[in-house]
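Enquirer: Please find one structure pasted underneath; my questions will follow.
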Ligand code: PRX
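Numbering (the numbering used here), first residue to last: 11 to 693.
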């Protein structure tokens, strides 16, 4: 990493309509609150905790931790001994305070016109009944429950019902393949799966139940038995199908979908609606310890094996609620819409927990941004008068490519905050979002965070922070970011280094499920005393933080973090491939994409047909979102004398840059020329 000389762009002040009503109205106010949060975290978070329900208070220290591997095992504990229930705080608390008739979620289906809504009281009823269903199946506190469901209101019911009884939910994004789902069921020995018959994603029909069936079979082959599969009916037509959470205005589209066929395996499979019909709506919450697990969520690991990131009760609750309140500047009459799938961390924290803990009205969208056309997002914003909107840079770039007319034909005057997450946002996309989508009236909030951080860690405050397009700006309360060089020394202004955090905030993950050592090695070993993000970045002369991207073997494709090792192992499973090396390649819409070098086994020859097969193999092993963009033959790979693949050289070859830098450690330089010659024309 080298020195950078970055131009200082113009500062964009917070829009006055946002600033006037904001919780934080100025940088002075932000700095004062921030100072307290890092100097007196116990006092700061202790005050915030007062807004929530605690069945009983902490019995030990409010905060206890070790962030330094040299001093023993890493641990982080907030509010030890306090008893609470996150579901109670997210749902019952609002019903109790008289807000039961407020809309908790509007639901917008894949096809325009297919929609519904649920109030906080209705949500409470659904959650309690479903929690009783889980109990009747034998789910107990601490049991892991897998959720493989589409974007329907019931997925939030599933999460909340688990949280209500202390079961640990583990959502697997319903775009992961059979193999990825299987792997995520086996490691935590999951016996309960909640799924749906199927889902339309744009014009594509996905048979979720069939994927679950295959995964359960594969588990069995490996000696693990799944006892219960609860199927939520979403697409299948049935006479007795009760549409109880949707006001179906009209159904011009594809639901119900008679073309969907599912197999039924009794007694393992059960219909969700049949179990719920027999369940009582009365289900007292289980009071849980502040540090009991709330959920686990797998994220890619640089070794190729996914890590089960574990979050706990009190800290995650405080952090998801507080970041939601301040970073979207939540106001009670807001209609808030986060487009992320509940299957990713953004959908956990900012579709479900953060908004519900604040009593917000949210939108859940089942479809995709370009179906039926590229105006869908803006049509939904007009329809519900969305005031706070949260999406990904890749979606912004995609829609930007369709031109402004798709945006401007809809009324977006309700928008006050327009936020992004998932990857660095390029200034061009940022400015389009600000100028065209927000019409210069809405604050752009670029939030940097990770599955591991639980919630935003670097983010503007919409009513206070003057923004610079492309910078995630400043730390959230309680977060202390530092930029280190390879030797662990803090770097100066404009110098790129590793982004680390020096003290715990309430939302930081507590462990990797079943592998605490991996947690310590991945996040705390490289720089003792710090949590290492794996991202690079720098601070400019005004203290603004610019995140430049991953500096480990991870690639961020359309905001989905993938490990190159995981793709490599999918490639080498092909009978003709002996070795593979995958690197990141810039992509105008996805941000990054993957470029794969494959070495053939003796006797096998490379062909364009093989490339197609390999792409298919990666889709099947991991999921369609992991599909490589480029495959090239590599008779040899550039390696050091000790045999380590030199990825920085491969990255240069992938983009056709002959300036490959220092090659003195390379075992055989002749491979470089060969690889340049074999580059596909399209790259
Ligand atoms: O590289 C960073 C990138 O996404 C990674 C985290 O991915 P994941 O755990 O899947 O969570 C995504 C949603 C929080 C980070 O290590 N990333 C996320 N947000 C930003 C970002 N990079 C730059 N700017 C962002 N705003």
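Cβ coordinates follow ideal geometry from the N, Cα and C atoms, glycine included. In this text, all values refer to a predicted model and were calculated from it rather than measured experimentally.
List, from N- to C-terminal side, the alpha helix (DSSP H) runs of 4 residues or more that fit wholly inside the region 513–597.
Expert: As far as the region 513–597 is concerned, its whole alpha helix (DSSP H) runs of at least 4 residues are 526–534, 574–582.
Enquirer: Any idea what DSSP makes of residue 293, helix, strand or coil?
Expert: Of the three classes helix, strand and coil, the one that applies to residue 293 here is coil, per DSSP.
Enquirer: For residue 33, tell me which candidate among 369, 340, 559 has the shortest Cα-Cα distance.
Expert: Answer by Cα proximity: 340.
Enquirer: Using only CA atoms, which one of 620, 629, 568, 612 lies nearest to residue 603?
Expert: When only C-alpha atoms are compared, the closest one is 568.
Enquirer: Count the other CB atoms, across all protein chains shown, that sit within 10 Å of the CB of residue 232; report buried if there are 16 or more and exposed otherwise.
Expert: Result: exposed.
Enquirer: If contacts are defined as beta-carbon pairs under 8 Å, then residue 530 and residue 84 qualify, I think. What distance do you get, rounded to the angstrom?
Expert: About 5 Å separates the two Cβ atoms, so the contact holds.
Enquirer: May I have the straight-line CA-CA distance separating residue 8 from residue 188, to the nearest angstrom?
Expert: Outside the displayed range of the chain (11 to 693) lies residue 8, so it cannot be described from this structure.
Enquirer: Would you give the residue range spanned by the beta strand (DSSP E) that residue 224 belongs to?
Expert: Run containing residue 224: none in the beta strand (DSSP E); it sits in the alpha helix (DSSP H), 218–231.
Enquirer: Thinking C-alpha only, which one of 498, 361, 689 is nearest residue 509?
Expert: Cα-wise, what sits closest to residue 509 is 498.
Enquirer: In its own chain, which residues sit with a C-beta less than 6 Å from the C-beta of residue 597, not counting the 5 before and 5 after it?
Expert: Closer than 6 Å at the Cβ level, and outside the excluded window around residue 597, lie 603.
Enquirer: Which residue from 582, 503, 549 puts its Cα closest to that of residue 485?
Expert: Closest option to residue 485, Cα to Cα, is 549.
Enquirer: Mind checking whether residue 453 and residue 427 have CB atoms under 8 Å apart?
Expert: Yes.
Enquirer: Under the criterion of a Cβ to heavy atom distance below 7 Å, does residue 176 qualify as lining the ligand PRX?
Expert: For the ligand PRX, not one heavy atom lies less than 7 Å from the Cβ of residue 176.
Enquirer: Please confirm whether any heavy atom of the ligand PRX lies closer than 7 Å to the CB of residue 566.
Expert: Flag set: Cβ of residue 566 near the ligand PRX.
Enquirer: Rounding to the nearest angstrom, what Cα-Cα distance links residue 433 and residue 287 in this structure?
Expert: Distance between the alpha carbons of residue 433 and residue 287: 43 Å.
Enquirer: Would you report the Cα separation of residue 317 and residue 415, rounded to the nearest angstrom?
Expert: Each residue's Cα considered, the two are about 43 Å apart.
Enquirer: Could you pull the start and end residues of the alpha helix (DSSP H) that residue 20 belongs to?
Expert: Premise fails: residue 20 is in no alpha helix (DSSP H) and is neither H nor E.
Enquirer: Taking all protein chains shown into account, do 16 or more other C-beta atoms lie within 10 angstroms of the C-beta of residue 368, making it buried, or fewer, making it exposed?
Expert: Under this definition residue 368 is a buried residue.
Enquirer: Indicate whether residue 556 and residue 328 have their beta-carbon atoms separated by less than 8 Å.
Expert: Cβ distance not < 8 Å, so residue 556 and residue 328 don't count as in contact.
Enquirer: Taking the alpha-carbon positions, what's the residue 322 to residue 668 distance?
Expert: In a straight line, the C-alpha of residue 322 is about 49 Å away from that of residue 668.
Enquirer: Measure the alpha-carbon distance for residue 410 versus residue 364 and round it to whole angstroms.
Expert: Going from the Cα of residue 410 to the Cα of residue 364 covers about 29 Å.
Enquirer: Classify residue 442 as buried or exposed, calling it buried when 16 or more other Cβ atoms lie within 10 Å of its own Cβ.
Expert: Residue 442 is buried by the Cβ-count criterion.
Enquirer: Assign residue 249 to one of two classes, buried (16 or more other C-beta atoms within 10 Å of its C-beta) or exposed (fewer than that).
Expert: Bear in mind that a pLDDT of 47 at residue 249, under 50, signals an unreliable position, so the model cannot answer this.
Enquirer: Cβ of residue 573 within 8 Å of Cβ of residue 185?
Expert: No, Cβ-Cβ distance for residue 573 and residue 185 is not below 8 Å.
Enquirer: Does the region 345–356 come within contact of the region 395–408, defined as at least 3 CB pairs closer than 8 Å?
Expert: In short, these stretches touch, since the Cβ pair count reaches three.
Enquirer: So residue 651 is in the alpha helix (DSSP H); what residue range does that whole segment cover?
Expert: Segment: none, residue 651 is in no alpha helix (DSSP H) and carries neither H nor E.
Enquirer: Note the first and the last residue of the continuous beta strand (DSSP E) segment covering residue 306.
Expert: First-last of the beta strand (DSSP E) with residue 306: 303–309.
Enquirer: Would the beta-carbon of residue 545 be found less than 7 Å away from any heavy atom of the ligand PRX?
Expert: Flag set: Cβ of residue 545 near the ligand PRX.
Enquirer: How about residue 545 and residue 291: are their beta carbons less than 8 Å apart?
Expert: Cβ atoms of residue 545 and residue 291: not closer than 8 Å.
Enquirer: Could you tell me which uninterrupted alpha helix (DSSP H) segments, each at least 4 residues in length, are contained entirely in the region 344–399, listed from first to last along the chain?
Expert: DSSP runs (the alpha helix (DSSP H)) wholly in the region 344–399: 364–367, 386–394.
Enquirer: Looking at the ligand PRX, does it come within less than 7 Å of residue 432, judged from the CB to the closest heavy atom?
Expert: Checking every heavy atom of the ligand PRX against the Cβ of residue 432, one is found closer than 7 Å.
Enquirer: Between the Cα of residue 504 and the Cα atoms of 558, 615, 172, which residue gives the shortest distance?
Expert: Minimum Cα distance to residue 504 is reached at 558.
Enquirer: Within the present structure, is the beta-carbon of residue 571 separated from the nearest heavy atom of the ligand PRX by less than 7 Å?
Expert: Flag set: Cβ of residue 571 near the ligand PRX.
Enquirer: Could you pull out every residue in the same chain whose Cβ sits closer than 6 Å to the Cβ of residue 260, ignoring the five residues on either side in sequence?
Expert: Note that residue 260 scores a pLDDT of 39, beneath 50, so its modelled location is shaky; the value from the coordinates is reported in the next line. So the qualifying residues of the chain are 123.
Enquirer: Along the chain, where does the beta strand (DSSP E) containing residue 610 start, and where does it finish?
Expert: From DSSP, the beta strand (DSSP E) with residue 610 extends over 601–610.
Enquirer: Just how far apart, CA to CA, sit residue 118 and residue 373?
Expert: So the two alpha carbons sit approximately 7 Å from each other.
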